[in-house]
Structures are given as structure tokens and as C-alpha cells.
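Going line by line, the protein sequences match chains X and R. Numbering-wise, the working numbering puts 139 at position 139 of the first sequence, and it's gapless, one number per residue. For the working numbering, count along the second sequence from 1 and bump the result up by 293. Down below is the structure, laid out as C-alpha cells.
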Amino acid sequence: DMSEVPLSELEKRYIVRGIENNFREDGRSCRDMRHIAVTTGVISNTSGSSRIQMGGTDVIVGVKAEIGEPISTSPDRGIVKFSVDCSAAASPNFEGRAGDDVANTISHSLSQVYNHATALDLPSLCIVPDQQCWILFIDALVLQYGGNLIDGISLATLAALVDTTIPSLHVNEGEDGEPVEIEVSDDPSDCHPLDLTGIPVTVTLTKVSSSCVVDASVKEEMCADASLVVGVNRKGRVCSMQKTGSGSLPVDLLTDMVETAKTLGCKLISSVEAVAHQSHKGSPDSGDGFLVS
Amino acid sequence: MAGIEFLSPEGLRVDGRRAHEIRKVQCKMGVFRQADGSAIMEQGNTKVIASVYGPHEVAIRSKSLHDRAVINCQHSVAAFSSGERRARSKSDRRSLEISRMIKETFEAAILTEFAAKSQIDIYVQILQSDGGNMCACINAATLALIDAGIPLRDYVSSCSAGFVEDTPLVDINYLEQGASGPDLSVAILPRSEKVVLFYMDSRMHVDNLERVLQAAVRGCHDVFGIMNRTVREHIEQHVGILDSKDI
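Next up, the structure:
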């Protein structure tokens, strides 16, 4: 599959039996997530950026805001373009096309989540209806693959969006016949953050044998039947759901999984936001390169 | 570009450096646990990560060489790395060309006879691009190879140089690259002073070549000094633990 870790039958049985007894290979219980390290402001020429390390998974997200034309069917809204790139550094399996397949699958699922009208306040990104709007390019780069990639990417995206600021604009309404002018403020501190009240994060619940675990490692993913990826916002509302994997999920387990995802999702959003607000490293005097994280 | 003074009358460049000064270099080895060797290299605002996997079995059997290792290199650029956001395909021509140049540079430096019938992968990823990208990639790859324990003839240290107002400029950044002057990238094996990479795709008068090349080679030596120090500190940190009487 995604990784090249071959697992013997015995190892699989060890992992599955452990999970059935609520004891995972690294000592966690089924509902425990791994330690998450968040840093923001890691890439200087972006509008916002972040790096998340969650177990063996290492993801950087860069957000760039540029001005462009809105979509003709939604002239009063900005646009969000979300993409994922799996770096060959993460695994030789990601070299060339193979990495693109994994990346495109994740891009597609998450892009629908972020493009929803309630996720990011898209109407606030409109500049001149039908003519100009902000386009937010959110690019995720996977540096290391350690399992639970989708959640890692969505958390890193949240942190990067918290770090993002949009320059303030002044729109000169043209008189009849004259084109509208947009002046972007020259002052680098004259900018505002994004409205993230509706932003979701994903929580992936992986079914292994008859139990489900949160934040699966690579080996656990290889023992899994199927997973449910649930998008949850800070109010505990479910924004998206997707079943992945070739196995099946019993209906009663489904409701249980969604409840777990809702609780966990809310907690994750508040914790990651709190850390992201504190940890901005972008200041030129800080002297910290990317290295220090 | 009109209006930008690349070299002021006092001898200062756009970022305050003198003509012979390289940018601030920060590097670290062993940044990723999963790769056999990895390193991150920052030269000014240019940030590059290199990962090395190998030596391992050759992925495509037919490409295996009976007497030496196959070097495989992939170079990719993050979409958020440059001023304007641009999605780069991994197989666009520029990327492939740079991959090929890095591969050939390291074929000259790695002692490939020590790993016959196997493959060494070098993956470089550009996180931030501010000029001197290829040079930073080569420097990062050298450190990653050392971190992976792959035998090398010597370090490969790389630096770029330009030429403005009759003065060679060492380690040019993105702005200076756009000055439509020459942009020469050089990589050397510092101890033997052998050139393993020599690349320029701009125009330069041949009379200036000697001076620009010398400036680039001096820059390479400066970068080598920093890389050497970093490697020794890294080893001290790790070997020092083995020596500790507490264990």
C-alpha cells in the first residue's frame, strides 16, 4: 500500500489482539492520539505556514493569498485551492507518479471540505463581485509518512490558516466606464487574520478487528479493515464523512465512531489553535531557522 | 531591472553584503528518522531538504550495474517556495534537468565501487527559493549522504557567482539573479579543488570568466568550512554519547 513495511501474520495478530484489549503497540489506548508538535511561520514568503509532527508523520502547509477572478457561478465569494504533495523524501515509494496518486486522493477529499461555504468565510474573501477576489492557495507537503496522514494534513492546515494574514485593501470604485482600482496596502503590518469560526478538522477512525482506533500508525493501518474520516468543526457539527478502505463498517459502530470524532475534533481544534497562536516564529529577529523546530 | 542598485558605491549589495560574502548558512543533519540520511540546508532565505535512501536493491533490475551503485536523484520544488505560488510538476523539464545534474555531480563524488549492484536514492526538496537553489540542493545532499554513511571521495560544496559593474558577486540571491547578468553555479571537491559541476545559462564575456570562477570557488570553500564544522559537531554529539561513562 502506501508504505513498504512488510508485516508478518504474527505481527498482525500481535497488533490486532493488542487493540482488542485496548493496548496498542506503542502503549496508547484506542482513543489516545500521539504527541503533536506544532510550529507556525516556518516558510517566510507565504501568507501563513505551519509544520506538524505527529509520531512519524511530518507535514508542512503553506498558504499563499493572491488576487484573481472569482468563479462565474459564485461571483461574490473567494476561492480556496487545496493541494497535497507527497515528497519523495517521505518514502522512495512516493517517487514520481506513485506519490501523486496518494496526494491526489487526499487532495480531492480535503479540498471538498475546505471549499464548503461554511468552512472558511468565502464571502469575506470577495474584493469586487464578479471581478476580483482573494484566492487562497493551501499547499500541503508531506515530508515523512508515519500514518494518519489526512488528520495530520488537516491539523497542519488549521495551524497555517491561524497563522495566515491577508493584506488590507482599498478599493477605488471607478466612475461610470472607468475600471475599478484595487490598492494593496504597502504596510506589512496592515493586514487581518482569517475568520476561522467554521473551520473543520478531520478525525480518522480506523477499524481493526472489532474495535476502532484513533490516529493509526503505519502498522495499524496495514491491519485495518476500513476507516471513517469525519470532518468536525469547533461546535461539534459534522462537516463531512467518508469511508475509506476495502472492508466494511457495521452500522452501530458507525454512530460510535462519529461521536468519538466529534468530541476529539473539538478538542483538537482548540488545542492546535492555542498553540498556533503562541508559536509564531516568523519574526526576523528571532534568529531561529526552520531547524530549531 | 531598472531602479535597483545591485552594488552601491560603498560596495554593498541589495541585502547589505559585500561582493565576496556568502549568505548566512545554517545546516543540520539527521532531521528525519525514516530516511537513511537526511539534512536541511539554509543559505540566506533558500531552504532545501535532502533525504538519502540506500544503498538498497535496485528498483528496476535492468538498470543494475555489476561493478558500481546506481545513483537515482529526484528534485522537487514546493508550490509555496517562490514569491508567486506555482504548482510544479515533478516531471517538468527544468526539474528533470536539475535532477540529472545533481545525479552526475554525485556520481563523481560517491565511491560507487563500494556498493555494486545496488541503488542510492537522493531526494532534494526545495522549501523556500531565493536564488542559489541548485547549489543549496547539492550542499544539502552532501550532508545527507554523510549522514547516511555513504563513502564519498570528498565533500561536494557548491556556490554561485554573478558579475555586476566589473565585480564578481558571490552567492547570488533571487533579485540578483534577475539582473540579467551571468549566473554561474559551481560545485567542487574542496580538498583536491576539482570541479564536479559547472553550469551557466546566461551570457558572460570570456575575459571575466577567470574572476567569476575564482569568486565562486572561494564561496565553495567558505561553505565547505561551515559544512565541515557541522558534520564534526554532529558526530561529536552522537559519538560523545557512546563514550559517556553514564551508560
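Beta carbons are placed, not taken as given, at the ideal position from N, Cα and C, and that holds for glycine.
Does residue i get closer than 7 Å to chain R when you measure Cβ to Cβ?
i: G27(X); result: no
i: A89(X); result: yes
i: G62(X); result: yes
i: P193(X); result: no
i: G287(X); result: Residue placement at G287(X) is flagged as unreliable, the pLDDT there being 37, under the threshold of 50; the coordinate-derived value follows with that caveat. Output row for G287(X): interface = no.
i: E95(X); result: yes
i: I43(X); result: yes
i: P92(X); result: yes
i: S283(X); result: Caution applies to S283(X), whose pLDDT of 44 falls short of 50 and renders its modelled position unreliable; the value that the coordinates give is listed next. Taking Cβ atoms only, chain R never reaches closer than 7 Å to S283(X), which makes this a no.
Measure how close the beta-carbons of residue i and residue j come, nearest whole angstrom, since I'm counting them as under 8 Å.
i: L205(X); j: A261(X); result: 6 Å
i: S388(R); j: V370(R); result: 7 Å
i: V162(X); j: V84(X); result: Going by Cβ atoms, the distance from V162(X) to V84(X) rounds to 19 Å, so no, they are not a contact pair.
i: V180(X); j: N172(X); result: 7 Å
i: L420(R); j: M334(R); result: At roughly 10 Å, the Cβ-Cβ gap does not stay under 8 Å, so L420(R) and M334(R) are not in contact.
i: A224(X); j: K235(X); result: The pair is not a contact, with the Cβ atoms about 29 Å apart (cut-off 8 Å).
i: L228(X); j: L249(X); result: 6 Å
i: A332(R); j: K321(R); result: 7 Å
Among residues of its own chain, excluding the 5 on either side of residue i, which ones have a beta-carbon nearer than 6 Å to its beta-carbon?
i: M497(R); result: P475
i: P193(X); result: T165
i: E350(R); result: none
i: A441(R); result: D329, G330, V345
i: A468(R); result: Correcting the residue type first, residue 468(R) is Leu in the shown sequence and not Ala. Around L468(R): V307.
i: P461(R); result: A454, R504, V505, A508
i: C366(R); result: S392, I395, K396, I415
i: I364(R); result: K396, F399, E400, I413
i: G48(X); result: V63, A160, D163, T164
i: C428(R); result: S451, C452, S453, S478
i: F137(X); result: K64, K81
So with Cβ pairs under 7 Å, would you call residue i a contact of chain X?
i: I431(R); result: no
i: M294(R); result: Its pLDDT being 48, under 50, M294(R) is placed unreliably in this model, and the value from its coordinates should be taken loosely. Not closer than 7 Å to any Cβ of chain X, the Cβ of M294(R) fails to qualify, so no.
i: F373(R); result: yes
i: F456(R); result: no
i: I342(R); result: yes
i: Y492(R); result: no
i: Y467(R); result: no
i: Q412(R); result: no
i: Q327(R); result: yes
i: R484(R); result: no
i: R378(R); result: yes
i: Y448(R); result: no
Looking only at its own chain, which residues have a Cβ that is under 8 Å from the Cβ of residue i, when we skip the five neighbours before and after it?
i: P444(R); result: I403, L404, F407
i: A409(R); result: L358, H359, D360, R361, A362
i: D1(X); result: Confidence is the limiting factor: at D1(X) the pLDDT is only 39, short of 50, which leaves the residue's position unreliable, though a coordinate-based value still follows. Same-chain partners within the cutoff: E221, M222.
i: D195(X); result: L120, D121, S124
i: N521(R); result: Y448
i: D494(R); result: D476
i: K383(R); result: Q367, S369
What does a CB cutoff of less than 7 Å around residue i pick up in its chain, not counting 5 residues either side in sequence?
i: G18(X); result: R24, E25
i: Y398(R); result: Before going further, note that residue 398(R) is Thr rather than Tyr in the sequence given. Closer than 7 Å at the Cβ level, and outside the excluded window around T398(R), lie I431, V449, A480, V489, L490.
i: N233(X); result: G198, I199, P200, C239
i: Q144(X); result: G56, T57, D58, A90
i: A88(X); result: F94, E95, G99
i: D151(X); result: T202, V203, T204, D215
Is residue i a contact residue of the ligand ATP, with contact defined as CB to any heavy atom under 6 Å?
i: V238(X); result: Because no ligand of any kind appears in the structure shown, any question about the ligand ATP cannot be addressed here.
Using a Cβ-Cβ cut-off of less than 8 Å, list which residues of the segment 132-154 of chain X approach chain R; keep chain order.
-> Within the segment 132-154 of chain X, the residues whose Cβ lies closer than 8 Å to some Cβ of chain R are F137, D139, L141, L143, Q144, Y145, G146, listed in chain order.
Kindly provide the ranges of any alpha helix (DSSP H) runs that are 4 or more residues long and lie completely inside the segment 375-447 of chain R, ordered along the chain.
-> Counting whole runs of 4 or more residues, the segment 375-447 of chain R contains the alpha helix (DSSP H) stretches 386-402, 426-441.
Complete runs of the alpha helix (DSSP H) confined to the segment 56-124 of chain X [at least 4 residues] | Here the runs fully enclosed are 97-114.
Using a Cβ cut-off of 9 Å, which residues of the segment 415-445 of chain R contact any Cβ in chain X, in chain order?
-> Cβ contacts with chain X come from Y416, V417, Q418, L420, Q421, S422, D423.
Could you give the uninterrupted runs of the beta strand (DSSP E) lying entirely in the segment 152-236 of chain X, keeping only those of 3 residues or more?
-> Along the segment 152-236 of chain X, the beta strand (DSSP E) occurs as fully enclosed runs of 3 or more residues at 165-167, 169-172, 181-184, 191-193, 201-208, 211-214, 226-232, listed in sequence order.
Only counting runs of 3 or more residues, tell me where the beta strand (DSSP E) segments fall wholly within the segment 472-537 of chain R, in order along the chain.
-> Qualifying beta strand (DSSP E) stretches, in chain order: 476-482, 487-493.
For the segment 300-325 of chain R, which residues have a beta carbon sitting closer than 7 Å to at least one beta carbon of chain X?
-> Those would be Q319, K321, F325, in chain order.
Using a Cβ-Cβ cut-off of less than 7 Å, give me the residues of the segment 380-410 of chain R that come near chain X, in sequence order.
-> Correct list: A380, K383.
Taking only beta carbons into account, state which residues of the segment 45-58 of chain X come closer than 8 Å to chain R, listed in chain order.
-> Listed in chain order, the positions of the segment 45-58 of chain X with a beta carbon within less than 8 Å of a beta carbon of chain R are N45, T46, S49, G56, D58.
Of all the residues that make up the segment 352-371 of chain R, which are near chain X by a beta-carbon distance shorter than 7 Å?
-> Closer than 7 Å at the C-beta level to chain X, one finds these residues of the segment 352-371 of chain R: Q367, S369, A371.
Ranges of the beta strand (DSSP E) found wholly within the segment 324-360 of chain R, counting only runs of at least 3 | For the segment 324-360 of chain R, whole beta strand (DSSP E) runs of length 3 or above, ordered along the chain, are 330-336, 339-350.
Just by C-beta distance, which residues in the segment 69-88 of chain X are closer than 8 Å to chain R?
-> When CB distances to chain R are screened at a threshold of 8 Å, the residues of the segment 69-88 of chain X falling below it are S83, D85, S87, A88, in chain order.
Which runs of the beta strand (DSSP E) spanning at least 3 residues fall entirely within the segment 239-278 of chain X, listed in chain order?
-> The segment 239-278 of chain X contains no whole beta strand (DSSP E) run of 3 or more residues.
Report the residues of the segment 492-524 of chain R with a CB closer than 8 Å to any CB of chain X, ordered along the chain.
-> Hits within the stretch: zero.
Identify every run of the alpha helix (DSSP H) within the segment 4-46 of chain X, keeping only runs that are complete inside it and at least 4 residues long; order them along the chain.
-> Fully enclosed alpha helix (DSSP H) runs of 4 or longer: 9-20.
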